[in-house]
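Student: Numbering (the working numbering), first residue to last: 55 to 366. Structure in structure tokens, see below.
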RNA sequence: GCCAAGGUAGCUCAGUUGGUAGAGCUCACGACUGAAAAUCGUGCGGUCGCCGGUUCGAGUCCGGCCCUUGGCA
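Below you can see the structure in the form of structure tokens.
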């Protein structure tokens, strides 16, 4: 199929497999610019714990969607999509190659598959009210209510209160079932999906070492600094792994070793969640980063794609 | 050496008046379209410290032994 839709390279993979370093190589070789799709890179003031691209890397390659939100602000799918698509336009206009680098599979999918989420603004009061009812009357009551207006959403929401509340919120605002409103429309771009992966056990060990390194590099002081700047620890950015686990320690409620241990456990759990999303995609070309010369082959694959020699 | 408490799933622990074991976490798998590094679900996993006794039947009672922790000498 020949079209003149702009070419985009998307890099998928779990945390710690080397997406950031590879994206720099890719960008340097093909005149690329990085478009971030990692929910934690969006936030200003988070650095060590989220393994953000270094200042040097950001000087070498232009980055988009990094440090664009205040820790108090909440990220959400349409916002990420708008910013990413705007970046694609800007980069393409410069005749450069957009390199979308994931981390947050939900955002990667929403961007590359063109999800259309129901345009219903979250209503804090409505949510608080339902959450209170769930507490007092039991979550079954809400499930039954959702079942009545949107069986599809009720079935897939299970006991996940957040999803139940969201579905009820959409129905309340629009009078229509969330499951009917949502859709997807292929975005006007062509993507090459490159996935980086690594043996899970060895990745876990490497990530544990990364956590130890982050502590040595001053993660505790960074988190303390955020609190000193007036944040409470309840802000959206504080759901970041490496940050929220340090709060009990800084409050004197836990010792450092157990807080660090919890960071490692939560990091591994995060990897599992990412894997669940990634396994579902069938359009990713995978590279094992433990294979000799994987990066050369990945770069070559990208080169062929950009040159129009798609082999598919 | 003596006294006390305790030895049950990888970890922390529940186990009612004896009826061949549960929870949370870990780990694995899955769901999830305005919170997603969030949230929710499923599954794997134990010769109940060892030996013997009582009993139709013992993690649960009795005896002995081993080990851990605390206290006293």
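Beta carbons: idealized from backbone N, C-alpha and C, even for Gly. Just so it is clear, the structure is predicted and the values come from calculations on it, not from any experiment.
Can you tell me where the beta strand (DSSP E) holding residue 64 begins and where it ends?
Tutor: DSSP places residue 64 inside the beta strand (DSSP E), whose first and last residues are 61 to 67.
Student: Could you tell me which residues DSSP pairs with residue 224 in its beta bridges?
Tutor: Per DSSP, residue 224 has no beta bridge partner at all.
Student: With a floor of 4 residues, list each alpha helix (DSSP H) that falls wholly inside the segment 140 to 204, ordered by position along the chain.
Tutor: 159 to 166, 178 to 191, 193 to 203
Student: What are the boundary residues of the beta strand (DSSP E) that residue 110 is part of?
Tutor: No beta strand (DSSP E) contains residue 110, which is instead part of the alpha helix (DSSP H) from 109 to 114.
Student: If we ignore side chains and look at the alpha-carbon of each, how far apart do residue 56 and residue 65 end up?
Tutor: Note that residue 56 scores a pLDDT of 48, beneath 50, so its modelled location is shaky; the value from the coordinates is reported in the next line. When rounded, the distance between both Cα atoms is 23 Å.
Student: What first and last residue would you give for the beta strand (DSSP E) that runs through residue 245?
Tutor: 244 to 251
Student: Short check: CB of residue 243 to CB of residue 60, under 8 Å?
Tutor: Cβ atoms of residue 243 and residue 60: closer than 8 Å.
Student: Once the 5 residues before and after residue 99 are set aside, which same chain residues still bring their CB inside 7 Å of it?
Tutor: 125, 280
Student: Classify residue 89 as buried or exposed, calling it buried when 16 or more other Cβ atoms lie within 10 Å of its own Cβ.
Tutor: buried
Student: Buried or exposed for residue 354, please, with buried defined as at least 16 other CB atoms from any protein chain shown within 10 angstroms of its CB.
Tutor: exposed
Student: Where residue 360 and residue 256 are concerned, what is the direct C-alpha to C-alpha distance, given to the nearest angstrom?
Tutor: Roughly 33 Å between the two C-alpha positions.
Student: Can you give the Cα-Cα distance for residue 358 and residue 166, rounded to whole angstroms?
Tutor: The straight-line gap from Cα to Cα measures roughly 20 Å.
Student: Specify whether the segment 209 to 219 and the segment 174 to 192 touch according to this definition: at least 3 beta carbon pairs, one from each stretch, less than 8 Å apart.
Tutor: Of all C-beta pairs linking the segment 209 to 219 to the segment 174 to 192, three or more are shorter than 8 Å, placing the two stretches in contact.
Student: Which of the three DSSP states, helix, strand or coil, is assigned to residue 237?
Tutor: strand
Student: Output yes or no for whether 8 Å exceeds the beta carbon distance between residue 19 and residue 200.
Tutor: Nothing about residue 19 can be read from this structure; the chain reaches only from 55 to 366.
Student: Just the Cα atoms here: how many angstroms apart are residue 193 and residue 209?
Tutor: 14 Å
Student: Assuming the contact rule is C-beta atoms closer than 8 Å, residue 250 and residue 115 should be a hit. Round their C-beta distance to whole Å, please.
Tutor: No, residue 250 and residue 115 are not in contact; Cβ-Cβ is about 17 Å, not under 8 Å.
Student: If you compare alpha carbons, which of 146, 339, 263, 74 is closest to residue 58?
Tutor: 146
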